[in-house]
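Going line by line, the protein sequences match chains R and U.
For the first sequence, the tail end lands on 128 under the working numbering, and the numbers increase by one without skipping.
For the second sequence, the tail end lands on 676 under the working numbering, and the numbers increase by one without skipping.
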Amino acid sequence: MDKGIKFLVVDDFPTMRRIVRTLLKELGYANVDEAEDGADALAKLRGDAYEFVVSDWNMPNLDGLEMLKQIRADDALKHLPVLMVTAEAKKENIIAAAQAGANGYVVKPFTAATLEEKLAKIFEKLAK
Amino acid sequence: MDISEFYSSFFEEADELLTEMERSLLDLDPANPDSEQVNAIFRAAHSIKGGAGTFGFNLLQQTTHLLENLLDSARRHELVLTHEIIDTFLKTKDVLTEQVDAYRRSETPEHDDFEAICRLLKGVGSEDAPAVTAATPPPQEPAAAQAVEQLSTSENRLIVELMRVAEGEIDTLVDELRNLGEIIATHTDEQGHLVVDMATSVSPDDIEAVLCFVIDPDQLRIRALSAEPARDIPGLELFDASPSSAEGLPVGEETPSPAAAKKASVTAIKKAKKATETESTSIRVPVDKVDQIINLVGELIITQSMLNETANSLDRGVHGALHHGMNALQRNARDLQEAVMSIRMLPMDYVFSRFPRLVRDLAGKLDKEIELVTVGESTELDKGLTERIIDPLTHLVRNSLDHGIEKPDVRESLGKPRAGTLTLSARHQGGNILIEVSDDGGGLNRQKILAKAKANGLSVSEDISDEEAWQLIFAPGFSTAEAVSDLSGRGVGMDVVKRNIQSMGGHVEILSREGAGTTTRIVLPLTLAILDGMSVKVGGHVYILPVSSVIESLQIRQENLHTVSGGIPLLKVRGEYFPVVSIARVMGLAGGRDDIIGSIAVMVEGEGRRYVLLVDELVGQQQVVVKNLESNYRKIPGVSAATILGDGSVALILDLGEIYRLNLGERKPRLAKVNS
Chain R
1 MDKGIKFLVV DDFPTMRRIV RTLLKELGYA NVDEAEDGAD ALAKLRGDAY EFVVSDWNMP
61 NLDGLEMLKQ IRADDALKHL PVLMVTAEAK KENIIAAAQA GANGYVVKPF TAATLEEKLA
121 KIFEKLAK
Chain U
1 MDISEFYSSF FEEADELLTE MERSLLDLDP ANPDSEQVNA IFRAAHSIKG GAGTFGFNLL
61 QQTTHLLENL LDSARRHELV LTHEIIDTFL KTKDVLTEQV DAYRRSETPE HDDFEAICRL
121 LKGVGSEDAP AVTAATPPPQ EPAAAQAVEQ LSTSENRLIV ELMRVAEGEI DTLVDELRNL
181 GEIIATHTDE QGHLVVDMAT SVSPDDIEAV LCFVIDPDQL RIRALSAEPA RDIPGLELFD
241 ASPSSAEGLP VGEETPSPAA AKKASVTAIK KAKKATETES TSIRVPVDKV DQIINLVGEL
301 IITQSMLNET ANSLDRGVHG ALHHGMNALQ RNARDLQEAV MSIRMLPMDY VFSRFPRLVR
361 DLAGKLDKEI ELVTVGESTE LDKGLTERII DPLTHLVRNS LDHGIEKPDV RESLGKPRAG
421 TLTLSARHQG GNILIEVSDD GGGLNRQKIL AKAKANGLSV SEDISDEEAW QLIFAPGFST
481 AEAVSDLSGR GVGMDVVKRN IQSMGGHVEI LSREGAGTTT RIVLPLTLAI LDGMSVKVGG
541 HVYILPVSSV IESLQIRQEN LHTVSGGIPL LKVRGEYFPV VSIARVMGLA GGRDDIIGSI
601 AVMVEGEGRR YVLLVDELVG QQQVVVKNLE SNYRKIPGVS AATILGDGSV ALILDLGEIY
661 RLNLGERKPR LAKVNS
């Protein structure tokens with residue numbers, strides 16, 4: 001996998017952003033940008049070329065799910081892989097993520113290994 | 001990754017979120033809650049819960065979880081907020097703050113507090129609105145609620161058939177299915193397909209969508225167990241979760257049309273811009289880094305003044321360019337110093353913002369109606385001072401609420417509005433900041449204070465000025481409160497307040513009118529790192545006096561000098577007598593002038609007392625960088641700090657309050673010697 005791909009980590013909680021960024025770095029992905037909510041993320045996504053989005057769910061202004069829906073509704077962005085981060089493995093959340101077109105989800109707290117597994121799965125499916 | 005690296009930033013953010021949560025809770029009107037505010041409180045709880053979970057802070061996670069549940073019901077209007085519920089939330093916030101603090105100290109938070117608050121939270125809504133408790137669902141991420149509504153509530157038996165699944169993915173898939181419903185049986189059929197029999201309320205489409213995180217749609221077949229015709233999924237009527245497919249867009253009521261989505265996102269972005277602007281323009285820097293810069297700039301200033309002195313000895317005509325450069329350097333160095341100092345400045349809002357809660361709680365306990373007014377929140381003060389001002393200010397606010405402002409009935413009978421007003425204000429005046437706590441309560445009672453002072457064994461005369469009478473309440477063990485209440489009036493405090501303020505280089509003044517209220521004014525220097533100093537020479541040594549404490553300098557005439565029975569010489573200035581203190585004597589210097597007449601008198605004020613200091617020579621006035629003497633050398637009586645002068649020599653900065661006390665202490669033995 002190309003480790004140079006550009007990530008956007010979306011979370012309103014700076015500590016979580018840094019944790020995700022550090023985990024990604026541990027996995028060899030050093031090209032990581034951050035956004036503090038869905039609206040900020042959409043603005044960044046439309047302004048620059050990203051190749052992967054890891055997004056929290058609950059955020060002010062525009063939550064992760066709404067952001068995901070808008071990504072899928074935007075011709076320029078709809079192919080972008082999105083990994084949703086949720087606080088709980090609740091079926092409602094997972095289904096909502098799936099319905100909105102997420103490529104995967106990961107439940108907080110997660111380790112680098114879990115994240116790697118989720119990413120690998122998504123890359124594998126994208127490669128098909 | 002070492003997760004503990006992130007502890008400190010989590011704690012800081014949690015603190016900020018909790019402060020924000022409290023602010024929103026206080027603003028919240030239970031009768032008409034602002035949904036954005038409830039959302040903000042919910043998100044704060046949610047974020048802390050997420051962080052706590054990540055770091056394994058279980059009690060914190062469990063407490064925020066309960067709070068989050070309630071907030072989630074509240075924002076979905078399933079829980080009707082009341083004053084009591086908001087009080088409970090505020091209490092929860094306090095417990096959360098304590099828990100965060102405990103984790104910060106690497107301790108486990110109090111289990112009893114945890115259990116008590118959990119009981120309290122679990123009780124919310126259950127007493128007066130049992131229906132609501134039943135409806136209180138586990139927390140859901142926002143839009144998930146919508147999804148739930150779309151689901152049929154009845155459970156169906158489904159057979160999920162998984163084909164060509166890689167060995168390692170079977171467990172993952174079964175886990176996913178377990179999340180979605182109850183697995184009744186699994187077996188592998190003759191074709192090697194994994195067949196799962198499950199009971200679930202989730203629709204086959206949804207199950208497919210979730211499983212497609214792991215496998216492809218054509219690896220999956222779902223049919224109902226009932227006699228209905230099998231439903232073959234790979235046809236895929238509704239959607240395909242694979243984003244690479246053009247039909248990968250979710251179709252449903254809740255999906256906005258692209259145009260609508262765009263519009264919505266534009267407004268959202270506008271909103272977000274504001275938020276980002278404030279965040280991206282600030283960075284978090286440890287205070288010691290800032291202090292290091294301040295120190296280095298201080299050194300730079302000292303080097304600059306040393307160079308300046310050297311340059312001044314050179315001929316201006318020959319070295320014009322050098323002088324020109326030196327001037328520019330001086331200006332730039334000062335600007336730099338000012339800019340660096342401003343980094344440490346925090347708005348007073350940082351301090352004032354904790355009082356709405358305190359006032360609300362106290363007013364409730366005291367059955368008083370209080371309106372809190374804050375003025376000058378944007379006034380800036382050194383960070384070191386803002387932190388140390390909180391305790392004294394809290395004490396003053398408690399005093400005002402407890403003893404100052406009367407009960408509503410009393411106020412009404414006095415023709416005052418039922419609600420008392422407490423005003424916190426801050427403003428700059430010269431190099432000082434004035435912070436005032438004012439109430440429109442009963443004011444101080446002069447007679448009571450004098451009587452109490454006498455009862456405490458203080459020698460006071462009846463004809464002292466009001467200002468002096470008010471200063472008596474700063475004496476240790478002084479309280480005129482008729483009843484010692486739970487909150488204040490134990491007689492400890494005002495002296496501590498005064499000591500704290502003095503240790504910050506400031507002083508306290510009281511203005512009071514009986515029946516009309518009391519204003520306590522704290523005067524503090526804006527920063528402790530730089531001092532406007534007046535340099536004086538005594539016995540060949542240079543000392544620095546804080547300019548803010550210097551009132552005037554005068555020449556002493558014999559006819560104005562009086563010695564009273566105590567042996568302390570007094571100088572008469574415009575009809576008032578001031579004690580005369582010799583620096584040389586207090587500091588134990590040899591070679592200083594001993595004759596009072598030949599000395600120059602500098603009238604100073606230390607700890608509210610005016611007196612006259614004797615010096616040999618006035619040298620000049622300059623800004624000095626304050627260097628802590630204790631950390632570099634040791635404490636010297638009468639000296640508050642040291643500084644380095646332009647020529648590189650060290651000068652001591654005098655502590656004028658202490659000099660006066662030392663002088664008094666010094667008197668007696670010397671007097672005895674004279675007498676013998």
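For each residue, glycine too, the CB sits at the ideal point set by N, CA and C.
In this text the structure is predicted, and so the values were computed from the model without any measurement.
TODO: Measure the C-alpha to C-alpha separation of U/Arg585 and U/Asp647 and round it to an integer number of angstroms.
DONE: Taking the straight line from one Cα to the other gives about 26 Å.
Task: Chain-ordered residues of the stretch 5-20 of chain U with a beta carbon less than 7 Å from chain R - done: So the close ones are Phe6, Ser9, Phe10 and Glu13.
Task: According to DSSP, residues forming a beta bridge with U/Ser425 - done: Paired residue(s): U/Val375 and U/Glu436.
Task: Cβ neighbours of U/Val351 in the same chain (closer than 7 Å, five flanking residues each side left out) - done: These residues qualify, in order along the chain: Thr386, Ile389, Ile390 and Leu393.
Task: Rounded straight-line distance, which links the Cα of U/His323 to that of R/Glu51 - done: Rounded to the nearest angstrom, the two C-alpha atoms are 59 Å apart.
TODO: Measure the Cβ-Cβ separation of U/Leu71 and U/Pro33 and say whether it is below 7 Å.
DONE: No, they are not a contact pair.
Task: Length of the line joining the Cα atoms of U/Ala475 and U/Met494 - done: Counting only the Cα atoms, U/Met494 lies some 7 Å from U/Ala475.
Open item on the list: Below 8 Å, how does it come out for the stretch 615-635 of chain U and the stretch 558-574 of chain U: are there three or more Cβ pairs, yes or no?
Closed with: No, they do not touch.
Open item on the list: Distance cutoff 7 Å, beta carbons only. Does U/Arg231 sit that close to anything in chain R?
Closed with: With a pLDDT of only 45 at U/Arg231, under the threshold of 50, the placement of this residue in the model should not be trusted; the figure read from the coordinates follows. The beta carbon of U/Arg231 does not come within 7 Å of any beta carbon belonging to chain R, so the residue lies off that interface.
Task: Distance between beta carbons of U/Val160 and U/Ile207, contact taken as under 8 Å - done: With a Cβ gap of about 7 Å, U/Ile207 and U/Val160 count as contacting.
- [ ] Measure from the C-beta of U/Val38 to each C-beta in chain R and report whether the shortest distance is under 7 Å.
- [x] Using a CB distance cut-off of 7 Å, U/Val38 does not count as an interface residue toward chain R.
TODO: Step through the CB atoms of chain U and report whether any lies within less than 7 Å of the CB of R/Val87.
DONE: Before going further, note that residue 87 of chain R is Ala rather than Val in the sequence given. Judged by the 7 Å Cβ criterion, R/Ala87 is in contact with chain U.
TODO: Note down the Cα distance separating U/Glu190 from R/Leu68, rounded to an integer number of angstroms.
DONE: Each residue's CA atom was taken as its position, placing U/Glu190 and R/Leu68 some 40 Å apart.
Open item on the list: Please tell me whether U/Gly443 and U/Glu514 are closer than 7 Å, where the distance is taken between their beta carbons.
Closed with: Result yes, Cβ atoms of U/Gly443 and U/Glu514 sit closer than 7 Å.
Task: Contact belief for R/Val32 with R/Phe7 at Cβ below 8 Å, rounded distance in angstroms - done: At roughly 4 Å, the Cβ-Cβ gap stays under 8 Å, so R/Val32 and R/Phe7 are in contact.
Open item on the list: Can you tell me whether U/Asp218 is buried or exposed? The criterion is at least 16 other CB atoms within 10 Å of its CB, across all chains shown.
Closed with: Its Cβ having fewer than 16 others within 10 Å, U/Asp218 is exposed.
- [ ] Please determine, among R/Met16, R/Gly4 and R/Asn58, the residue with the shortest C-alpha to C-alpha distance to U/Glu5.
- [x] Relative to the Cα of U/Glu5, the nearest Cα in the group R/Met16, R/Gly4 and R/Asn58 belongs to R/Met16.
Open item on the list: Mapping the DSSP letters down to three states, classify U/Tyr577 as helix, strand or coil.
Closed with: Collapsing the DSSP output to three states places U/Tyr577 in a strand.
Task: Cβ-based neighbour list, U/Ala74, same chain, cut-off 6 Å, excluding 5 preceding and 5 following - done: For U/Ala74, where only same-chain residues beyond five positions count, the Cβ hits under 6 Å are Val38 and Leu81.
Open item on the list: Using a Cβ-Cβ distance cut-off of 7 Å, determine whether U/Gly51 contacts chain R.
Closed with: Put simply, the CB of U/Gly51 is near chain R, with a gap under 7 Å to one of its CB atoms.
Open item on the list: Does chain R have any CB closer than 7 Å to the CB of U/Pro258?
Closed with: In this predicted model, U/Pro258 has a pLDDT of only 46, less than 50, meaning its place in the structure is not dependable enough to derive any value.
Open item on the list: Can you pull the chain U neighbours of R/Gly104, defined as C-beta to C-beta under 9 Å?
Closed with: Chain order gives the chain U residues near R/Gly104 as Phe213 and Val214, where near means a beta carbon separation below 9 Å.
Task: Proximity of U/Tyr543 and U/Val550 at Cβ, strictly below 7 Å - done: Not a contact, by the Cβ cut-off of 7 Å.
Open item on the list: I believe U/Leu121 touches U/Leu66 by the beta-carbon criterion, under 8 Å. Please report the beta-carbon distance rounded to the nearest angstrom.
Closed with: 4 Å between Cβ atoms; contact.
Task: Residue-level contact to chain R via CB, U/His46, 7 Å cutoff - done: So yes, U/His46 belongs to the interface.
Open item on the list: Strictly by DSSP, which residues pair up with U/Gln555?
Closed with: According to the DSSP secondary-structure assignment, U/Gln555 is paired through a beta bridge with U/Ile600.
Task: Helix, strand or coil at U/Thr303 [DSSP, three-state] - done: Here U/Thr303 sits in helix by DSSP.
TODO: With 7 Å as the threshold, decide whether the Cβ of R/Phe13 is near any Cβ in chain U.
DONE: So, interface residue.
- [ ] Please list the segments of the beta strand (DSSP E) lying wholly inside the stretch 306-369 of chain U, counting only runs of 3 or more residues, in order along the chain.
- [x] Within the stretch 306-369 of chain U, the complete beta strand (DSSP E) runs of at least 3 residues are 345-347.
Open item on the list: Do U/Phe114 and U/Leu25 have their beta-carbon atoms positioned less than 7 Å apart in this structure?
Closed with: Note that the C-beta distance between U/Leu25 and U/Phe114 is not below 7 Å.
Task: Members of the stretch 192-205 of chain U that neighbour chain R once the beta carbon cut-off is set at 7 Å - done: Answer set for the stretch 192-205 of chain U: Val202.
Open item on the list: Which residue wins for smallest C-alpha separation from U/Ile86, given the options U/Ala52, U/Phe42 and U/Asp315?
Closed with: Per the Cα distances, U/Phe42.
Open item on the list: For a contact defined as C-beta to C-beta under 8 Å, what are the partners of U/Arg43 on chain R?
Closed with: Within chain R, the residues near U/Arg43 are Asp12, Asn58, Met59 and Pro60.
Task: R/Met84 beta carbon less than 7 Å from that of R/Ala97 - done: Taking 7 Å as the Cβ cut-off, R/Ala97 and R/Met84 qualify as a contacting pair.
TODO: For U/Phe11, collect the residues of the same chain with a Cβ closer than 8 Å to its Cβ; drop the 5 residues on either side in sequence, then sort them by chain order.
DONE: Contacts found: Val100, Tyr103 and Arg104.
Open item on the list: Taking the beta strand (DSSP E) that U/Met198 belongs to, which residues open and close that run?
Closed with: If you look at U/Met198, you'll find it in the beta strand (DSSP E) that goes Leu194 to Thr200.
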